[in-house]
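Chemist: Order-wise, the sequence lines are chains X and A. Those letters in the first sequence? Residues 1 to 247, per the working numbering, in order. Those letters in the second sequence? Residues 248 to 360, per the working numbering, in order.
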Amino acid sequence: MTVQNRQIEVLRYDPERDETPRFETFTVPCKEEWVVLDALTYIKDELDPSLTFRWSCHMAVCGSCGMQVDNKPTLSCKAFVRDYGEKIRVEPLANFPIERDLVISQDDFMEKLQRGRPWIIPEQKREVEDGPYVQTPMQLDDIKEHTMCINCLLCYAACPVYALERDFVGPAALTLMYRYNADSRDAGWDERREVFAGHGGVWECSFVGACSDVCPKHVEPATAIQKGKMDSAVDYFTRFLMPGGGK
Amino acid sequence: MSSKVPSHKPLVWLPFAAGGMFAALLLPVAILLTTGLILPDATSYEAAHAFASNWLGKLVLFGFVLLPVWHAAHRLRVTAYDFGVRADSLVAWIVYPGAALLSVLAVVFLLQI
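1) Please confirm whether residue 207(A) has its beta-carbon closer than 8 Å to some beta-carbon of chain X.
2) In chain X, which residues lie less than 7 Å from residue 335(A) when you measure between Cβ atoms?
3) My output table needs one value for residue 100(X): the three-state DSSP class, helix, strand or coil.
4) Buried or exposed for residue 218(X), please, with buried defined as at least 16 other CB atoms from any protein chain shown within 10 angstroms of its CB.
5) Using a Cβ cut-off of 8 Å (strictly closer), state whether residue 160(X) contacts chain A.
6) What three-state label does DSSP hand residue 198(X) in the structure shown?
7) Excluding the 5 residues preceding and the 5 following residue 259(A) in the sequence, name in chain order all residues of the same chain whose CB lies nearer than 6 Å to its CB.
8) Tell me which residues of the stretch 129 to 148 of chain X have at least one Cβ-Cβ distance to chain A shorter than 9 Å, keeping chain order.
9) Taking the alpha-carbon positions, what's the residue 309(A) to residue 23(X) distance?
10) Taking 8 Å as the cut-off, decide whether the C-beta atoms of residue 118(X) and residue 67(X) are in contact.
11) Answer with yes or no whether the minimum CB distance from residue 219(A) to chain X is below 8 Å.
12) Leaving out five residues before and five after residue 112(X) in sequence, what residues of the same chain have Cβ atoms less than 7 Å from its Cβ?
13) Counting only the same chain and skipping the five closest in sequence on each side, list residues whose C-beta sits under 6 Å from that of residue 318(A).
14) From which residue to which residue does the alpha helix (DSSP H) around residue 181(X) run?
15) Along chain X, which residues have their Cβ under 8 Å away from the Cβ of residue 328(A)?
16) Under a Cβ-count criterion, where at least 16 other Cβ atoms within 10 Å of its own Cβ denotes burial, should residue 166(X) be classed as buried or exposed?
17) If we require 4 or more residues per run, which alpha helix (DSSP H) segments fall completely within the stretch 124 to 148 of chain X?
18) Taking the alpha carbon of residue 162(X) as the point to measure from, which residue in 195(X), 206(X), 196(X), 56(X) has its own alpha carbon closest?
19) Name the chain A residues whose beta carbon is nearer than 7 Å to that of residue 197(X)?
20) Here's a check: name, in chain order, each residue in its chain whose Cβ is nearer than 7 Å to the Cβ of residue 300(A), leaving out the five neighbours to either side.
21) Bridge partners for residue 24(X) per DSSP, in chain order?
22) How would you write the range of the alpha helix (DSSP H) that residue 341(A) sits in, first residue to last?
23) Measuring only between beta-carbons, confirm whether residue 119(X) sits less than 8 Å from chain A.
24) Quick check: is the beta carbon of residue 66(X) nearer than 8 Å to any beta carbon in chain A?
25) Going by DSSP, what residue range makes up the alpha helix (DSSP H) through residue 226(X)?
26) Please confirm whether residue 331(A) has its beta-carbon closer than 8 Å to some beta-carbon of chain C.
27) If we ignore side chains and look at the alpha-carbon of each, how far apart do residue 6(X) and residue 30(X) end up?
28) Is the beta carbon of residue 123(X) sitting closer than 8 Å to the one on residue 11(X)?
29) For residue 181(X), is the classification buried or exposed, using 16 other Cβ atoms within 10 angstroms of its Cβ as the cut-off for buried?
30) Tell me the residue span of the beta strand (DSSP E) that contains residue 89(X).
This is the structure:
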């Protein structure tokens with residue numbers, strides 16, 4: 001088993017002691033099969049137990065360990081150290097306030113996510129005895145890729161619009177809203193319209209596509225938002241041009 | 248109407264989207280046709296003149312100007328914003344009337360043929 005020393009340059013910030021964030025470099029004997037998260041765990045276990053970062057599953061499912069690795073939003077459990085140079089720079093996700101070291105505050109995203117009502121709003125509510133809401137495999141196929149989001153927030157760290165426009169609802173939340181709008185069992189379009197197509201909604205997106213580039217689950221937020229723009233445009237003209245507002 | 252209309256962006260976005268498709272798929276073909284490298288007979292001066300003299304031909308040529316120009320205007324506005332130009336209204340007041348002017352010029356020239 002090959003072991004190679006690597007310099008892990010980590011952004012540190014302790015709100016009780018530090019005025020501003022600073023970098024600290026650790027020398028870590030990395031095994032060949034290690035990911036960046038393993039190197040951070042080594043630092044915490046062996047070198048500095050105060051290093052703070054989020055992680056849980058270590059298998060790209062939980063979405064907790066998103067960080068900037070060499071300036072690119074990445075799941076640190078998916079980033080093999082052997083794919084990087086001798087020196088690896090690890091920072092908290094861009095575009096978010098830092099709470100401590102590599103931990104960012106998710107408050108803004110959580111608030112936006114809730115406003116989007118990302119759950120099924122049925123036309124007619126079914127009781128337990130009525131059985132489940134059914135859906136065909138073909139109907140599921142229409143939205144399936146957009147359902148795979150793990151809320152890791154890499155897309156927000158990559159999005160140039162979110163970086164500039166704090167009101168932008170953002171890739172993951174808009175994608176989830178699209179996913180429910182397009183779900184055959186859902187009838188919540190009217191309730192989501194103002195967040196989805198209003199100020200801060202899909203129209204803020206300038207289709208750079210960085211969200212889809214960094215997404216570790218191939219959720220394709222850029223595609224979902226583009227499809228959402230088309231749906232919103234159709235909705236806009238239907239409501240204006242059709243007698244009775246299209247409803 | 249049950250709830251208020253949240254945004255009028257579709258008015259500029261739909262021509263933008265149509266123009267994007269036009270610019271990506273059809274404009275290169277149109278430019279290639281003007282070189283005379285393909286279908287030289289069909290794109291000779293006489294043939295092109297006859298095409299532009301016809302009302303349907305005028306309409307098609309107008310579409311070839313209007314949609315990509317509108318696309319360019321909106322893309323310039325959005326790109327300016329992405330690059331940090333915060334004067335969005337000012338940019339909008341430059342690019343959209345610019346696109347409108349080019350569209351009007353297209354109509355004027357087409358009507359002279």
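We treat Cβ as the ideally placed atom computed from N, Cα and C, and that holds for glycine. The structure displayed is predicted, hence computed values, not measured ones.
Modeler: Once the coordinates are examined:
1) Since the first residue of chain A shown is 248 and the last is 360, residue 207(A) is not available in this structure.
2) Within 7 Å Cβ-Cβ: nothing; residue 335(A) doesn't reach chain X, min ~11 Å.
3) strand
4) exposed
5) yes
6) coil
7) 321
8) none
9) 58 Å
10) no
11) A question about residue 219(A) goes unanswered here, because the residues of chain A that appear run from 248 up to 360.
12) 169, 170, 173
13) 263, 266, 267, 270
14) 171 to 181
15) 164, 206
16) exposed
17) 137 to 143
18) 206(X)
19) 253, 254
20) 360
21) 10(X)
22) 335 to 359
23) no
24) no
25) 221 to 241
26) Checking the listed chains, one finds no chain C in this structure; the protein chains it contains are X and A.
27) 7 Å
28) no
29) buried
30) 87 to 91
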